[in-house]
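Step one of this worksheet: look at the structure below.
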Amino acid sequence: MQRTRIVELLDRGEGGPVLLKGWVRTRRDAKGFSFLEVNDGSCLANVQVVADHTPELLPALEGMNTGAAVAVTGELVESPASGQRWEVRASGLILYGGADPEAFPLQKKRHSDEFLRTIAHLRPRTNKYGAMLRVRSEMAFAVHDFFRQRGFFHVHAPILTGSDCEGAGEMFRVSNLEPEKAVILDPRARAEAEFFGRPAGLTVSGQLEAELMALALGSVYTFGPTFRAENSNTPKHAAEFWMVEPEVAFADLKDDMDLAEDLVRHLVRHALSSCSSDLALFASFVDKSLMPTLEGMLSAPFARLTHAEAIRVLQASGRSFEFPVHGKSDLQTEHERFLCEEHFKRPVIVYDYPKEIKAFYMRLNDDEETVAAMDLLVPRIGELCGGSQREERMDVLVRRMAEAGLPEDPYWWYLDTRRFGTAPHAGFGLGFERLLMLVTGIANIRDVIAYPRTPGHLEF
RNA sequence: UCCCCGGUAGCUCAAUCGGCAGAGCGGGUGACUGUUAAUCACUAGGUUCGCGGUUCAAGUCCGUGCCGGGGAGCCA
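Heads up: the first sequence begins at 919 in my numbering, then just goes up one per residue.
This is the structure in structure tokens:
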């Protein structure tokens, strides 16, 4: 008989013979028979299995403790008891792998996130982390679906890179040299001995490469892992995280903001429609305000205002901030939170930032003071997307690189795109884990990625 | 990296002024029951994060290191 996944079993709506395979969540023994709660990861729901203590079933049943991997053949029938619509009357049981109850760390009770992080290899077997991983998968699909519907091409930016995308943070160095050999070489000899003949690192952003491809294919996006060697110890930062980076030729900042808003709304809408039972778990156990937050994001357009207007709003608020606001200052976390959680009570896009606080590749506005940059801020998380219209004018780009103290040489290929057939273009980066935090209500980035990499943590 | 809080049984946490190491859950054993975070009884389980110090006496006080959480900075 072919195995049926639980999600399909419960969807089927009719009884009959079944074979299901999964992991035992709990076993409750009665006189003469036992109840097994079996979960196979296909959905949040378990199936209750009723197994009589017959000579055929009893030997396997005895090893079926919490955590055991099992196969159950039997009959799907309507459950006579309340608590579940369907249950399986077992006629055959196979124990694939037992789990010693004295050693198996997952209990049938709520565990703290901090504890579960120490057993990240087993936490997918809990309701919360199983749900998170299913939602994560579904959101990745929705990202591709959104762009495909709009004629974007998915491009793969390199992960190994020789370019240090300025302003995006510290890069992890990659080397094939034995560490003890590398230290004795002088820099030039060392560079020659390196695999690539030059220093290499893990990408901090696929943006520059995506720009090149947008200036050939029109509309593209990258979706892949990125790496930052920043010593950030916060619930919103990880050393390895996934980023969605669209890049669009012949687009300006307004188009960019529209695209970011559409993308975020599409992803939230998709989560609500395609992950409803997993989201219900988060709404009742993780964040009580999850549903109103997500539905609120769909009900009204995001607020948009310039950085200068944001400063005025903050100054007029009468609020005393720890960091006082002034014209050329970047927005601090407390300012971002005030704007979206208290003032507008919805997502906010701040644009036209002072050029001093933004990267060299952002397009200089006509006022010569601001650049066409934008940040999309959402309640609780803060910056979800950051992007800009790119500087497409060769002379201005060269001038801004000089002001930033950047050499032109390493960027010869980037500058070439401005030399040959340059065009206005814009793009942004969306932090995929931050999106998941938004959609699940999970408060720590370490809990929306299967194996989080943060300073001092590389287990699993 | 900076500031604040914490680290006690497998997990979540108590322990009064510095004075015998505790509970719930989980585990084991038994009873009972169409159960469903089952219930009831009994039971085992401890380097109180490490190192150093003060004291007759340290889980508790001091120093230091490590780890975790929250906040900040950096950002996505």
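No residue lacks a Cβ here, since even glycine has one placed at the ideal position from N, Cα and C.
Nearest to residue i (by Cα), restricted to the options the options
i: R1007; options: S1030, H1029, V967; result: V967
i: M1292; options: E1309, Y1269, Q1307; result: Y1269
i: L1011; options: H971, E996, R1043, Y1369; result: H971
i: R1068; options: R1028, S1137, G1339; result: S1137
i: L912; options: L928, M1161, D1196; result: The chain is shown from 919 up to 1378; residue 912 falls before or after that span and cannot be answered.
i: V942; options: P1370, P1019, G1001, A1322; result: P1019
i: D1063; options: L938, Y1139, T1358, M1175; result: Y1139
i: D929; options: L979, Q1125, F1168, L994; result: L994
i: F1159; options: A1320, P1370, Q1025, W1330; result: P1370
i: N1151; options: L1257, E1326, A1111, N1362; result: N1362
i: M1312; options: F1262, E1163, Y1329; result: Y1329
i: L1133; options: A1344, M919, S960, R1230; result: A1344
i: A989; options: V936, M1215, A1156, N1149; result: V936
i: R1183; options: V1296, A1320, T1372; result: V1296
i: S960; options: P1153, C1193, G1323; result: C1193
i: E1310; options: R1003, L1249, E1129; result: E1129
i: E1286; options: Y1271, L1294, R1298; result: Y1271
i: G1115; options: V1122, S1093, Q1125, M1131; result: S1093
i: L1356; options: S1247, R1230, R1187; result: R1187
i: T991; options: E1326, R921, A1322, H1261; result: R921
i: S1055; options: S1217, T1251, D1196; result: D1196
i: G950; options: N964, L962, L975; result: L975
i: T984; options: S1009, F1033, L954; result: L954
i: E1032; options: D1180, P1153, G1323, R1317; result: P1153
i: L962; options: N1045, G1374, F1022, D947; result: N1045
Simplified DSSP assignment, three categories, for residue i
i: T1372; result: strand
i: C1258; result: helix
i: S1306; result: strand
i: D1293; result: strand
i: D947; result: strand
i: H1343; result: strand
i: D1173; result: helix
i: K939; result: strand
i: Y1279; result: coil
i: M1161; result: strand
i: P1219; result: coil
i: T1251; result: helix
i: A1229; result: Inspection of the sequence shows that residue 1229 is occupied by Ile rather than by Ala. Helix, per DSSP.
i: D1180; result: helix
i: A1147; result: coil
i: A1198; result: helix
i: S952; result: strand
i: T1036; result: helix
i: D1270; result: strand
i: T1288; result: strand
Whether residue i touches residue j by CB criterion (7 Å)
i: Q1307; j: R1281; result: yes
i: A1198; j: L1208; result: no
i: F1203; j: P1265; result: no
i: A1049; j: F1378; result: no
i: A1075; j: E1127; result: yes
i: E1088; j: A1147; result: yes
i: G1392; j: D1205; result: With the chain running from 919 to 1378 in the structure shown, residue 1392 is simply not present.
i: L1024; j: L1013; result: no
i: F1168; j: A1341; result: yes
i: A1060; j: L1190; result: no
i: S952; j: A969; result: yes
i: E1274; j: K1246; result: yes
i: F1090; j: L1120; result: yes
i: R1298; j: I1267; result: no
i: G1015; j: A1058; result: no
i: Q1233; j: F1241; result: no
i: T1372; j: A1157; result: yes
i: R1364; j: R1035; result: yes
i: L1294; j: A1178; result: yes
i: G1124; j: E1096; result: no
i: V1073; j: M982; result: no
i: L1302; j: R1352; result: yes
Cβ distance (whole Å) where residue i is taken to contact residue j below 8 Å
i: F1346; j: G1304; result: 6 Å
i: L979; j: D958; result: 18 Å between Cβ atoms; not a contact.
i: V956; j: G940; result: 5 Å
i: E1260; j: F1239; result: E1260 to F1239, Cβ: 12 Å. No contact.
i: I1077; j: P1143; result: 7 Å
i: D1173; j: V1166; result: 7 Å
i: V965; j: E932; result: Incorrect: roughly 15 Å between the Cβ atoms, too far for contact.
Length at least 3, wholly inside the region 1064 to 1139: the beta strand (DSSP E) runs in chain order: 1118 to 1120
To test your reading of the DSSP string, which unbroken beta strand (DSSP E) runs of 3 or more residues are found completely within the region 957 to 1010? 965 to 970, 987 to 996
Unbroken beta strand (DSSP E) runs of length 3 or more, entirely within the region 1316 to 1362: which are they? 1343 to 1349
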